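Residue numbers (full-length UniProt numbering): 1 to 109.
1. Expressed to the nearest angstrom, what Euclidean distance is found between the alpha-carbon atoms of residue 83 and residue 14?
2. For residue 7, which residues does DSSP report across the bridge?
3. By the DSSP assignment, the alpha helix (DSSP H) with residue 48 in it spans what residues?
4. What's the call for residue 54, buried or exposed, on a 16-neighbour Cβ count within 10 Å?
5. Considering only DSSP beta bridges, list what residue 73 is partnered with.
6. Helix, strand or coil for residue 1? Go by DSSP, reduced to three states.
7. For the 8 Å Cβ check, are there 3 or more pairs between the segment 69-82 and the segment 5-22?
8. Whose C-alpha, out of 51, 34, 49, is nearest the C-alpha of residue 43?
9. Per DSSP, what are the beta-bridge partners of residue 29 in this structure?
10. Between which two residues does the beta strand (DSSP E) carrying residue 52 extend?
11. One question on the structure: do residue 51 and residue 7 come within less than 9 Å of each other, judged by their Cβ atoms?
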């Protein structure tokens, strides 16, 4: 299953580096959990492989996978890796989010 998920080249490069250091496949799982200061929060994990019903996006050989329940909340999103004076982090640009928090790790719809 494919969708309108996007993994930027910067994020793909970082995931590839992390996966290589941990000896895992370059598969980044994005999921959404209840909680955070705005109602939902993003969770990132390395995974061994996509599940049969996951939405999958691939950039430079790195896969971004999202389960069907989370996909309803992040369809159309872009996952980027941003480095700034405040630190480095994966950032989700989510067109479905009506509100977000200052740290960018949680959102509301």
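A virtual CB, placed ideally from N, CA and C, is assigned to each residue, including glycine. Just so it is clear, the structure is predicted and the values come from calculations on it, not from any experiment.
Per the coordinate set shown:
1. Residue numbering aside, residue 83 sits at position 83 when the chain shown is read from its first letter. Residue numbering aside, residue 14 sits at position 14 when the chain shown is read from its first letter. Cα to Cα, the separation comes out at about 11 Å.
2. For the purposes of this step, residue 7 is taken as the residue at position 7 of the chain shown. Note: residue 7 sits in a beta bridge opposite 79.
3. Mapped onto the chain shown, residue 48 falls at position 48. Unbroken run through residue 48: none, as it is neither H nor E.
4. Counting from 1 along the chain shown, the entry for residue 54 is found at position 54. Buried, since its Cβ has 16 or more Cβ neighbours within 10 Å.
5. As a working mapping, residue 73 is identified with position 73 in the chain shown. For residue 73, which the question treats as bridged, DSSP gives no partner whatsoever.
6. Within the chain shown, numbered from 1, the residue matching residue 1 stands at position 1. Because residue 1 sits at a pLDDT of 47, beneath the cut-off of 50, its placement in the model cannot be relied upon, and the following sentence gives the value as read from the coordinates. The answer is coil: DSSP assigns residue 1 none of H, G, I, E or B.
7. A contact exists between the segment 69-82 and the segment 5-22.
8. For this step, residue 43 is matched to residue 43 along the chain shown. Closest option to residue 43, judged by alpha-carbon separation, among 51, 34, 49: 34.
9. Numbered from its first residue, the chain shown carries residue 29 at position 29. DSSP lists 45, 65 as partners of residue 29.
10. As a first step, residue 52 is located in the chain shown; it is residue number 52 there, counting from the start. Looking at the DSSP string, residue 52 is not in any beta strand (DSSP E), and its letter there is neither H nor E.
11. Position 51 of the chain shown, counted from the start, is the residue given in the question as residue 51. Position 7 of the chain shown, counted from the start, is the residue given in the question as residue 7. One thing to note: residue 51 has its Cβ no nearer than 9 Å to the Cβ of residue 7.
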